[in-house]
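K.L.:
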Amino acid sequence: MKKDILILAALIAVVIAVPFLATKAEEAIQIKNEEFKEKQNRECYEKAEECMDAGKYDEAIELLEKLPGYYEDVEYIIQYAKFCDAVQNGEGIEELYKLIWYVPKGDEYSSKYIEEMRKAQKDTEEQN
Numbered sequence: 199m200k201k202d203i204l205i206l207a208a209l210i211a212v213v214i215a216v217p218f219l220a221t222k223a224e225e226a227i228q229i230k231n232e233e234f235k236e237k238q239n240r241e242c243y244e245k246a247e248e249c250m251d252a253g254k255y256d257e258a259i260e261l262l263e264k265l266p267g268y269y270e271d272v273e274y275i276i277q278y279a280k281f282c283d284a285v286q287n288g289e290g291i292e293e294l295y296k297l298i299w300y301v302p303k304g305d306e307y308s309s310k311y312i313e314e315m316r317k318a319q320k321d322t323e324e325q326n
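Under our numbering, the residues of the sequence shown are numbered 199 to 326, in order.
1. The alpha helix (DSSP H) spanning V216 covers which residue range?
2. Start and end of the alpha helix (DSSP H) containing F320?
3. In three-state terms, what does DSSP make of E289?
4. Apply the 10 Å Cβ neighbour rule to Q286 and answer buried if 16 or more other Cβ atoms are within range, or exposed otherwise.
5. Applying the 10 Å Cβ sphere with the 16-neighbour rule, what's the burial state of V272?
6. In terms of residue numbering, what span does the alpha helix (DSSP H) encompassing Y255 cover?
7. Going by DSSP in three states, V272 sits in which element: helix, strand or coil?
8. Could you check how far apart the C-beta atoms of I298 and Q277 are, in whole angstroms? I think they sit under 8 Å.
9. For Y300, which of helix, strand or coil comes out of DSSP?
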């Protein structure tokens, strides 16, 4: 009789534990996937910065557009890369002004490119 009770108790423990462990394993997998995705995003962002610094604006734009819209300051850097590419390709001042018309003000935005962006905006405004 005691043996039957122990077997039943063990069976109940297994029935309760298996779904719990499966849920925990699924959560761990999801966390690992998110960490992997973040690592990929970081590497893509860093590669885009390298392209920007090397004057390879088309490549930088391609890499930045692969990143999620909420990722860091992607939208501003894409605009700045397009501006730099347009300068490189000899675009007119009107087109340049359209590309750099909005640069975040104050301390709401910090990037290694912010000073260059603000200077480009000022220069195009003066020429426009």
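Positions of the beta carbon are idealized from the N, C-alpha and C atoms, including for glycine.
Given the structure is predicted, the values throughout are model-derived calculations rather than measurements.
P.N.:
Taking the coordinates as given:
1. By 1-based counting over the sequence shown, the position of residue 216 is 18. Where V216 is concerned, the enclosing alpha helix (DSSP H) stretches over 200-251.
2. As a first step, residue 320 is located in the sequence shown; it is residue number 122 there, counting from the start. Here residue 320 is Lys; the residue named in the question, Phe, does not match the sequence. That run of the alpha helix (DSSP H) goes 312-325.
3. Here residue 289 corresponds to residue number 91 of the sequence shown, with the count starting at 1. Secondary structure of E289 (DSSP, three-state): coil.
4. Mapped onto the sequence shown, residue 286 falls at position 88. Exposed, since its Cβ has fewer than 16 Cβ neighbours within 10 Å.
5. Locating residue 272 in the sequence shown gives position 74, counting from the first residue. V272 comes out buried.
6. Position 57 of the sequence shown, counted from the first residue, corresponds to residue 255. First-last of the alpha helix (DSSP H) with Y255: 255-264.
7. Looking up residue 272 in the sequence shown gives position 74. V272: helix per DSSP, three-state reduction.
8. Sequence index remark: in the sequence shown, residue 298 carries index 100 (1-based). Sequence index remark: in the sequence shown, residue 277 carries index 79 (1-based). Contact between I298 and Q277 holds, with the beta-carbon distance rounding to 7 Å and staying under 8 Å.
9. Counted from its first residue, the sequence shown places residue 300 at position 102. DSSP places Y300 in coil when its eight states are reduced to three.
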